[in-house]
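**Student:**
Okay, structure coming up:
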């Protein structure tokens, strides 16, 4: 499990990316922090990213294994996937009891809400950064689930999908900070003292959501 990052570390790493994304959604200019070329990853490329051989090895290591996620509610395992290219993948996925998982997810909403818009956005950018580093691995996963050729799986399932994720984070963040977090409100009362209130506003999510990736572009569309 990766070590926890402080809000300051998240800001130092990802705030410039968020600021650039906010600028781009206002100007509608082209910009992407996610390289489209396979050689931009691995040795000599993006720091900490998997190169072509490493990504293929990481995908191959998943074959015939269980994708054991650190989450409550697993009551059985499902699998039986066969690649459109022929081989059986042999990967098993956890089958979840929603009566166990959903309460656990809801229990985390208070802390997520209290983190505030900026930290939530920066956490999402950290997620995108870690996904981007494994683009070569994900390309093989997309290829063997969607049937796409490798290069399409790499670009559409990797950097293009990550760009859409970043765009969504930027738009969501902009909406959350568009109004002030607090305001002093004063209404004149004629000869009487004015009616004064100090108002605080907290952006709160609507709850737990479910997204199912489509079979053609599973990391992009749902």
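In the numbering used here, the protein residues as written are 213 to 434. Cβ atoms here follow ideal geometry from the backbone N, Cα and C, with glycine treated the same way. Being a predicted model, the structure only gives us computed values, none of them experimental.
Please report how far the alpha carbon of residue 433 lies from the alpha carbon of residue 354, in whole angstroms.
**Tutor:** Using only the alpha carbons, I get a separation of about 12 Å.
**Student:** Quick check: is any heavy atom of the ligand COA less than 6 Å from the C-beta of residue 237?
**Tutor:** In the structure on display, the ligand COA does not appear, and there are no ligands present to speak of.
**Student:** Indicate whether at least one CB of chain C lies closer than 7 Å to the CB of residue 284.
**Tutor:** The displayed structure is made up of one protein chain only, and chain C is not part of it.
**Student:** Please list, in chain order, all residues of the same chain as residue 229 whose beta carbon is under 7 Å from its beta carbon, the five residues on each side excluded.
**Tutor:** Answer for residue 229: 245 and 337, listed in chain order.
**Student:** What residues in its chain sit with their C-beta under 8 Å from that of residue 383, if we drop five residues either side in the sequence?
**Tutor:** Only 237 meet the Cβ criterion.
**Student:** Among the residues of its own chain, which have a CB less than 6 Å from the CB of residue 422, if the five just before and after it don't count?
**Tutor:** Result list for residue 422: empty, nothing under 6 Å.
**Student:** Could you give the DSSP three-state label for residue 305: helix, strand or coil?
**Tutor:** Strand, per DSSP.
**Student:** Can you tell me the Cα-Cα spacing of residue 213 and residue 286, whole angstroms?
**Tutor:** Because the pLDDT at residue 213 is just 46, under 50, the model does not fix this residue reliably, and the value given afterwards should be weighed accordingly. So the two alpha carbons sit approximately 19 Å from each other.
**Student:** Under the DSSP definition of a beta bridge, which residues are partnered with residue 410?
**Tutor:** Answer is 396.
**Student:** Let me check understanding here. Comparing Cα to Cα, which of 381, 321 and 279 lies closest to residue 301?
**Tutor:** The shortest C-alpha separation from residue 301 is found at 279.
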